[in-house]
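Sequences listed follow chains F and G, in order. Going by our numbering, the first sequence opens with residue 1, and the numbers climb by one from there. Going by our numbering, the second sequence opens with residue 1001, and the numbers climb by one from there.
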Amino acid sequence: GDSVTQMEGPVTLSEEAFLTINCTYTATGYPSLFWYVQYPGEGLQLLLKATKADDKGSNKGFEATYRKETTSFHLEKGSVQVSDSAVYFCALRDTGGFKTIFGAGTRLFVKA
Amino acid sequence: KAGVTQTPRYLIKTRGQQVTLSCSPISGHRSVSWYQQTPGQGLQFLFEYFSETQRNKGNFPGRFSGRQFSNSRSEMNVSTLELGDSALYLCASSLGGLGNEAFFGQGTRLTVV
Chain F
1 GDSVTQMEGP VTLSEEAFLT INCTYTATGY PSLFWYVQYP GEGLQLLLKA
51 TKADDKGSNK GFEATYRKET TSFHLEKGSV QVSDSAVYFC ALRDTGGFKT
101 IFGAGTRLFV KA
Chain G
1001 KAGVTQTPRY LIKTRGQQVT LSCSPISGHR SVSWYQQTPG QGLQFLFEYF
1051 SETQRNKGNF PGRFSGRQFS NSRSEMNVST LELGDSALYL CASSLGGLGN
1101 EAFFGQGTRL TVV
């Protein structure tokens, strides 16, 4: 079945460091791919998305490119801030559009 | 535009009891999904409803059930509660298609004692 694998955390960075959180997926067809972020005590919020191969999603300085050849959707940010500390989830929506499958989440700590 | 609303926010129940959680989706959204979030298991898919029909179901026992009403509001029921059912239950709504993202509520924190 479809699945999402993302790097285990926690990831600890200093402010202004470069961030990469790896995400790979297994799916039939052409799923849509998403990154969600969860701040403490809150639900998940959509960070960015890509719906077809080579699409780049971007928001708030975060970027991710849909790579079909490597079945990956890695999240990057050039310069993290303390306020970026949260849990990040990679997800795919299956080709039928009936289910969104999430990775295990990666907790990010950013130190001042 | 109002977001996804889940009620109640917090619940404490005793083992063996049953519980009903409620979710009101964003206006116009016909798809509602439910997830269980725990520290050890992450986000686990429970089920998804679209226009009152369950379209998909995760690997949970029959004690977990749900339904969706004609106004797209959804309820989730858990019977014969177990300690392991303690979790954050998240509801998400969407337009339902392939490229449409899910919008999440803040969740219901269920504690079973």
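Glycine included, each C-beta is placed from N, C-alpha and C at the ideal position. On a predicted model such as this, the values are computed, not experimentally measured, just so you know.
Check: Would you call the region 1030–1045 of chain G and the region 1084–1097 of chain G in contact, with 3 or more CB pairs under 8 angstroms?
Finding: In this structure the region 1030–1045 of chain G touches the region 1084–1097 of chain G; the number of beta carbon pairs closer than 8 angstroms is three or more.
The region 1065–1083 of chain G / the region 91–103 of chain F touching (three or more Cβ pairs under 8 angstroms) = They do not touch, by the three-pair rule.
| request: Could you please tell me which residues of the region 84–107 of chain F, in chain order, have their CB closer than 9 angstroms to any CB of chain G? | output: When C-beta distances to chain G are compared with 9 angstroms, the residues of the region 84–107 of chain F below that value are F89, A91, R93, D94, T95, G96, G97, F98, K99, T100, I101, F102, G103, A104, G105, in chain order.
Residues of chain G with a CB under 7 angstroms from the CB of F34/F: which are they? Within chain G, the residues near F34/F are E1101.
query: In chain F, which residues lie with their C-beta within 7 angstroms of the C-beta of N1056/G?
result: Within chain F, the residues near N1056/G are F98, K99.
*Three-pair Cβ contact test at 8 angstroms for the region 60–73 of chain F versus the region 1016–1034 of chain G*: With the cut-off at 8 angstroms, the region 60–73 of chain F and the region 1016–1034 of chain G do not touch.
Next on the checklist: For the structure I just gave you, are there three or more beta carbon pairs, one from the region 1028–1039 of chain G and one from the region 1008–1015 of chain G, closer than 8 angstroms?
Outcome noted: No: fewer than three Cβ pairs fall under 8 angstroms.
* Count the other CB atoms, across all protein chains shown, that sit within 10 Å of the CB of L1046/G; report buried if there are 16 or more and exposed otherwise. => That one is buried.
- request: Compare the C-alpha of R107/F against each of E8/F, S83/F, E42/F, T20/F and name the closest.
  value: R107/F has its Cα closest to that of E8/F, out of E8/F, S83/F, E42/F, T20/F.
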